[in-house]
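Q: The listed protein sequences correspond, in order, to chains A and B.
Residues in the first sequence are numbered consecutively from 1, following full-length UniProt numbering.
Residues in the second sequence are numbered consecutively from 1, following full-length UniProt numbering.
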Amino acid sequence: MNRNKIIGVISYVVGILIILSFLVSWGILGVKGWDALTDYLGSARGKVEGKIEAAVCAASNGFFAADGTCYKAITPEPVNAVCQEWGKTMKDRKNKIDKSVEYLNKVITVDQRLALDLWEDFFAREDQGYYAQHIMPVWIEEESVTVQDTVYQVFHVSYSVKMGEWYYHEVGNFNGDTDSNLVAIRKDQRDLFLEALKNKKITADQLKLVNDKERFEMKKKFFDQLTDVADEAHLLAALPGFDGLVAVQRYPFTGDSLTCAKVVSTLRQCDPNVKFDGLHYGLLDYGINQVMQGIPKQNYSLTDNVWFAASSDLSTGRLSDCHEAVLDATSGQLSCRPVECDQSDWYVF
Amino acid sequence: MFFLQLLIPVANAFTETSAQPMVESFGFAPYDPFDNLMRLWFWAVLLIIAPIVCFFVAKSQAKKMAVDVAFSAMRQFFRLLVKLLVATFLCSFLFIVVDRLVDFFHNSRSLAIDLYDLKYFVGRFYIIFSTGCFSAGAALLLYVRKNARIFLIAIPLILIFVAMVIFAFINSL
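1. Residues of chain A with a CB under 7 Å from the CB of A138(B): which are they?
2. So, helix, strand or coil for P76(A), using DSSP?
3. Between C270(A) and A325(A), is the Cβ-Cβ spacing less than 7 Å?
4. Per DSSP, C322(A) is paired with what?
5. Applying the criterion that 16 or more other CB atoms from any shown protein chain within 10 Å of the CB defines a buried residue, is N171(B) buried or exposed?
6. Short check: CB of S312(A) to CB of H323(A), under 7 Å?
7. Since C70(A) sits in a beta bridge, which residues does DSSP pair it with?
8. Would you mind working out which of D342(A), R215(A) and F193(A) sits nearest P239(A), comparing C-alpha positions?
9. Please confirm if G8(A) has its CB atom under 7 Å from at least one CB of chain B.
10. So what's S11(A) in DSSP terms, helix, strand or just coil?
11. Taking its Cβ as the centre, do 16 or more other Cβ atoms sit within 10 Å of N105(A), making it buried, or is it exposed?
12. May I ask you to list the residues that DSSP assigns as paired with S311(A)?
13. DSSP on residue 180(B), reduced to helix/strand/coil?
14. Going straight from the alpha carbon of A36(A) to that of L40(B), what length do you get?
15. Could you give the uninterrupted runs of the alpha helix (DSSP H) lying entirely in the stretch 181–228 of chain A, keeping only those of 4 residues or more?
16. Check each candidate in V24(A), K5(A), F276(A) and Q153(A) and name the one with the smallest Cα separation from A309(A).
17. Following the continuous alpha helix (DSSP H) through T266(A), name the residue where it begins and the one where it ends.
18. Checking 7 Å against the spacing of the C-beta atoms, do C70(A) and C83(A) come in under that value?
19. Using the C-alpha atoms, what's the distance from F122(A) back to G287(A)?
20. Please classify F71(B): does DSSP put it in a helix, a strand, or coil?
21. Could you check which residue in L20(A), L245(A), S160(A) and D191(A) has the C-alpha nearest to that of V183(A)?
22. How would you call V97(B), buried or exposed, if buried means at least 16 neighbouring beta carbons within 10 angstroms?
23. For T150(A), report the span of its beta strand (DSSP E) as first-last.
24. Can you give me the C-alpha to C-alpha distance between L17(A) and V67(B), rounded to a whole angstrom?
25. Using only the alpha-carbon positions, how far apart do K5(A) and A112(B) sit?
26. I'd like to know whether the C-beta of F122(A) is nearer than 7 Å to at least one C-beta of chain B.
27. Taking a cut of 7 Å between CB atoms, which residues from the stretch 52–80 of chain B lie near chain A?
28. With 7 Å as the threshold, decide whether the Cβ of V4(A) is near any Cβ in chain B.
29. Is it a yes or a no for the stretch 20–31 of chain A touching the stretch 146–161 of chain B, going by three-plus beta-carbon pairs under 8 Å?
30. Identify the continuous alpha helix (DSSP H) that holds L114(A) and give its terminal residues.
31. Smallest Cα separation from K94(A): which of R113(A), E195(A) and H134(A)?
32. Rounded to whole angstroms, how far is the Cβ of K96(A) from the Cβ of H169(A), which I believe are closer than 8 Å?
33. What does DSSP give as the partner residues of A163(B) in its beta bridges?
34. In chain B, which residues lie less than 9 Å from Y131(A) when you measure between Cβ atoms?
35. Take L37(B) as the anchor and find which of P51(B), F95(B) and S110(B) has the nearest alpha-carbon.
36. Across which residues does DSSP place G244(A) in a beta bridge pair?
Printed below as a string of structure tokens:
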């Protein structure tokens with residue numbers, strides 16, 4: 001085969017490949033376009049079907065929501081039925097907490113036990129009745145944190161609470177709002193400190209609660225790295241003879257006398273169709289408010305920014321005139337404001 | 001109008017801005033389906049109309065060259081180049097006319113062309129011209145078997161497209 005022929009064959013193949021590349025790009029364009037067109041035609045058909053469904057729904061005294069569901073008016077469940085369900089949830093939580101405690105006792109290391117004991121004793125010493133009645137440590141974890149070029153070993157403590165008939169799992173944890181439950185020690189003093197704990201050279205009785213000035217100094221030092229511990233911690237103490245601290249953030253709710261029936265019937269005064277979905281709180285504000293206002297520790301409110309919320313919507317059987325009810329756990333006041341019944345409407349353009 | 005309504009979702013499928021408002025230099029502008037329709041129209045000219053026209057323009061010239069053993073490669077190249085320039089200019093003109101008319105009727109913009117428009121149209125023309133050349137190059141390559149010298153004309157045409165791709169790539173960095 002001479003040279004010209006070889007060039008001819010190669011050129012032919014390349015030419016065909018270029019033509020094929022055009023054909024492929026047209027194919028992609030065509031497929032994409034066809035898909036879009038069939039989707040569009042499908043949604044147009046869907047709109048017509050939607051109109052028929054809406055008419056059928058309206059004829060049966062229902063409300064056809066933007067999400068395509070036909071909602072009917074429902075008579076609210078009796079309070080005791082709601083609370084029975086709530087009781088089951090609480091029972092599940094209690095089981096979960098019990099299992100967590102069991103697991104913690106199984107896997108906790110000697111060092112973690114020493115740190116946890118100090119944290120527990122400190123908390124119990126300051127709030128005797130409260131700690132014994134409500135607090136259940138469920139986890140402890142150690143991590144290194146660098147604060148202004150100094151490395152600290154931090155034992156984060158996570159706890160669950162029991163308040164009357166309410167259980168909350170891991171409310172004091174290190175990922176969420178209540179993350180200021182910890183024992184921190186400078187890394188190079190860690191072993192010495194744990195040794196001192198082991199030999200009872202340091203006990204919770206020796207810990208001295210910080211005053212406002214010391215708290216402010218700690219805030220300057222640990223801000224950022226220990227997630228504003230000085231703002232949030234209810235109980236805060238420096239470690240005597242060591243560079244470190246113990247912090248306790250109390251769960252801001254004492255619901256001992258609040259029963260489910262009481263809460264639900266109060267919320268229903270706003271709207272009988274509201275759906276009770278539990279307790280809500282704004283913990284961060286709680287701590288900051290206390291520190292900023294310089295309120296002494298014994299006056300710390302335990303119910304600040306804690307509320308029970310419930311709202312009615314199509315799914316709770318309310319087809320019009322829906323409300324959001326909020327019961328303030330501090331003042332016991334109930335607020336009631338109108339809201340949109342069709343929540344799905346917000347997401348449909 | 002019905003046809004346009006059918007085309008809008010097709011146009012949207014080719015752009016990222018289908019469901020969101022477009023961000024323009026002066027802030028947020030409401031989403032306009034006609035913007036995507038115009039993009040689709042450009043794609044049609046760029047990838048379908050101009051390449052097909054240029055393919056057949058080049059093919060008819062290659063047929064003649066294939067039987068002419070002693071043609072001047074330089075002369076034939078420039079002749080073809082002028083034909084391709086005219087053909088792609090007409091395609092670009094078609095694109096521009098539709099684009100301007102939509103702007104005029106739909107966006108109530110003036111038909112006057114300012115410097116910004118001119119730069120936009122020249123840019124569009126160059127891109128359309130390069131895909132036209134690529135397609136013409138492919139047409140010529142099919143005739144190299146009959147006359148190897150056609151290769152000398154096909155290569156620069158394909159290189160015009162390659163240059164455009166490299167330029168676009170550098171520009172996107």
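For each residue, glycine too, the CB sits at the ideal point set by N, CA and C.
What you are looking at is a predicted structure, and each value in this text was computed from that prediction instead of being measured.
A: Once the coordinates are examined:
1. Taking the first residue of the second sequence as position 1, residue 138(B) is located at position 138. Within chain A, the residues near A138(B) are G15, I18 and I19.
2. Here residue 76(A) refers to the residue found at position 76 of the first sequence. Three-state DSSP puts P76(A) in coil, outside helix and strand.
3. Numbered from 1 along the first sequence, position 270 holds the residue referred to as residue 270(A). Numbered from 1 along the first sequence, position 325 holds the residue referred to as residue 325(A). It is a contact, given that the beta carbons lie within the stated cut-off.
4. Here residue 322(A) refers to the residue found at position 322 when the first sequence is read from its first residue. Looking at the DSSP assignment, C322(A) forms a beta bridge with V339(A).
5. If you number the second sequence from 1, residue 171(B) lands on position 171. Flag for N171(B) reads exposed.
6. On the first sequence, residue 312(A) is found 312 positions in, with the first residue counted as 1. On the first sequence, residue 323(A) is found 323 positions in, with the first residue counted as 1. Contact: yes.
7. Translated into positions along the first sequence, residue 70(A) becomes position 70. In DSSP, C70(A) forms a bridge with F64(A).
8. Within the first sequence, the letter at position 239 stands for residue 239(A). Checking the sequence shown, residue 239(A) turns out to be Leu, not Pro. Selected option, being the one with the closest Cα: F193(A).
9. Residue numbering aside, residue 8(A) sits at position 8 when the first sequence is read from its first letter. Answer yes: the Cβ-Cβ gap between G8(A) and chain B drops below 7 Å somewhere.
10. Your numbering for residue 11(A) matches position 11 in the first sequence. Note: S11(A) maps to helix in three-state DSSP.
11. Residue numbering aside, residue 105(A) sits at position 105 when the first sequence is read from its first letter. Under this definition N105(A) is an exposed residue.
12. The sequence position of residue 311(A) within the first sequence is 311, counting from 1. Beta-bridge pairing links S311(A) to K275(A) and E324(A).
13. No statement about residue 180(B) is possible, as the shown extent of chain B runs from 1 to 173 and does not include it.
14. Translated into positions along the first sequence, residue 36(A) becomes position 36. Translated into positions along the second sequence, residue 40(B) becomes position 40. Each residue's Cα considered, the two are about 13 Å apart.
15. 190–198 and 212–222
16. In the first sequence, counting from the first residue as 1, residue 309(A) sits at position 309. The shortest Cα separation from A309(A) among V24(A), K5(A), F276(A) and Q153(A) belongs to F276(A).
17. Here residue 266(A) refers to the residue found at position 266 of the first sequence. It spans C260 to L267 - the alpha helix (DSSP H) in which T266(A) sits, taken as one unbroken run.
18. Locating residue 70(A) in the first sequence gives position 70, counting from the first residue. Locating residue 83(A) in the first sequence gives position 83, counting from the first residue. No, they are not a contact pair.
19. As a first step, residue 287(A) is located in the first sequence; it is residue number 287 there, counting from the start. As a first step, residue 122(A) is located in the first sequence; it is residue number 122 there, counting from the start. Residue placement at G287(A) is flagged as unreliable, the pLDDT there being 46, under the threshold of 50; the coordinate-derived value follows with that caveat. Cα to Cα, the separation comes out at about 19 Å.
20. Here residue 71(B) refers to the residue found at position 71 when the second sequence is read from its first residue. Coil, per DSSP.
21. Your numbering for residue 183(A) matches position 183 in the first sequence. When each option's Cα is compared against that of V183(A), the closest is L245(A).
22. Working through the second sequence from its first residue, we reach residue 97(B) at position 97. Exposed, because fewer than 16 other Cβ atoms sit within 10 Å of the Cβ of V97(B).
23. On the first sequence, residue 150(A) is found 150 positions in, with the first residue counted as 1. Element bounds for T150(A): T150 to M163.
24. Within the first sequence, residue 17(A) is the residue found at index 17, counting from 1. Within the second sequence, residue 67(B) is the residue found at index 67, counting from 1. Rounded to the nearest angstrom, the two C-alpha atoms are 25 Å apart.
25. Your numbering for residue 5(A) matches position 5 in the first sequence. Your numbering for residue 112(B) matches position 112 in the second sequence. Those two C-alpha atoms are separated by around 54 Å.
26. Along the first sequence, read from residue 1 onward, the residue named residue 122(A) stands at position 122. No, F122(A) does not count as interfacial toward chain B.
27. Close to chain A, meaning a Cβ-Cβ distance shorter than 7 Å, is no residue of the stretch 52–80 of chain B at all.
28. Position 4 of the first sequence, counted from the start, is the residue given in the question as residue 4(A). Correcting the residue identity first, residue 4(A) is Asn in this sequence and not Val. Yes, because at least one Cβ of chain B sits closer than 7 Å to the Cβ of N4(A).
29. Cβ pair count under 8 Å is below three, so no.
30. Locating residue 114(A) in the first sequence gives position 114, counting from the first residue. Taken as a continuous stretch (DSSP letters only), the alpha helix (DSSP H) holding L114(A) covers V110 to E126.
31. Here residue 94(A) corresponds to residue number 94 of the first sequence, with the count starting at 1. Residue H134(A) is the option with its Cα nearest to K94(A).
32. Taking the first sequence and counting its residues from 1, one reaches residue 96(A) at position 96. Taking the first sequence and counting its residues from 1, one reaches residue 169(A) at position 169. Indeed, because the Cβ distance is near 6 Å, the residues count as touching under 8 Å.
33. To locate residue 163(B), count along the second sequence from 1; it is residue 163. Looking at the DSSP assignment, A163(B) forms no beta bridge with any residue, so it has no partner.
34. Sequence index remark: in the first sequence, residue 131(A) carries index 131 (1-based). Near Y131(A) there are no residues of chain B at all, since even the closest Cβ is about 53 Å away, more than 9 Å.
35. Taking the first residue of the second sequence as position 1, residue 37(B) is located at position 37. That would be F95(B), whose Cα lies nearest to the Cα of L37(B).
36. On the first sequence, residue 244(A) is found 244 positions in, with the first residue counted as 1. For G244(A), which the question treats as bridged, DSSP gives the partners I185(A).
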